[in-house]
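**Student:** Residue numbers (the working numbering): 3 to 187. Idealized CB from N, CA, C, for every residue including glycine.
Quick look at the structure:
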């Protein structure tokens with residue numbers, strides 16, 4: 003088994019730098035990468051609140067126009083919005099019923115076929131045959147190992163998010179220069 007592993011490792015690109023890959027739930031890995039800065043020994047920052055007093059739009063205090071026209075104008079727009087929302091709700095319910103009928107019809111048509119649904123492209127943990135502990139990691143993209151390049155001389159490979167500030171600054175300035183050049187042409 004080790005012979006086949008070594009033979010396979012000759013054909014794929016390897017690195018000794020550890021890097022993150024998203025296996026399973028992507029949000030968990032992203033949350034592990036986030037550094038939470040500590041401020042004065044506390045992590046939680048609470049916003050300050052203040053009260054602002056607004057004066058009434060009427061010039062005379064305590065007076066308000068209570069005529070029927072004012073009440074009608076005040077509620078007419080809200081009533082129109084409510085009717086529109088009810089119409090949309092009825093339309094959504096109708097669409098949901100229609101979709102459910104289509105799903106039932108498809109289930110009946112596919113009842114004879116016994117096919118498992120694919121929930122993930124990653125292999126299941128039951129399929130693991132061995133665990134290989136090695137100082138070198140295969141470089142993978144989109145779940146597949148990257149093959150070695152056909153050149154006979156070794157190639158320098160680096161991950162863009164792992165590197166010095168100088169490398170990152172050179173890359174961003176080069177990208178800005180190229181985008182400015184494209185915009186001018």
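Please list the terminal residues of the continuous alpha helix (DSSP H) segment that includes residue 85.
**Tutor:** Counting along the chain, the alpha helix (DSSP H) containing residue 85 begins and ends at 70-111.
**Student:** To the nearest angstrom, how far is the alpha carbon of residue 93 from that of residue 99?
**Tutor:** Approximately 10 Å, taken between the alpha carbons.
**Student:** Rounded to whole angstroms, what is the Cα-Cα separation between residue 127 and residue 84?
**Tutor:** In a straight line, the C-alpha of residue 127 is about 52 Å away from that of residue 84.
**Student:** Can you give the Cα-Cα distance for residue 78 and residue 87, rounded to whole angstroms?
**Tutor:** Answer to the nearest angstrom: the Cα atoms are 14 Å apart.
**Student:** Just how far apart, CA to CA, sit residue 73 and residue 81?
**Tutor:** Going from the Cα of residue 73 to the Cα of residue 81 covers about 12 Å.
**Student:** According to DSSP, simplified to helix, strand and coil, what is residue 31?
**Tutor:** Bear in mind that a pLDDT of 48 at residue 31, under 50, signals an unreliable position, so the number given afterwards is only what the model happens to contain. Residue 31 falls in the helix class under three-state DSSP.
**Student:** Measuring straight from C-alpha to C-alpha, what distance separates residue 138 and residue 129?
**Tutor:** C-alpha separation (whole angstroms): 23 Å.
**Student:** Have a look at residue 148 and residue 140 and give me their C-alpha separation to the nearest angstrom.
**Tutor:** If you take the alpha carbons of residue 148 and residue 140, they lie about 8 Å apart.
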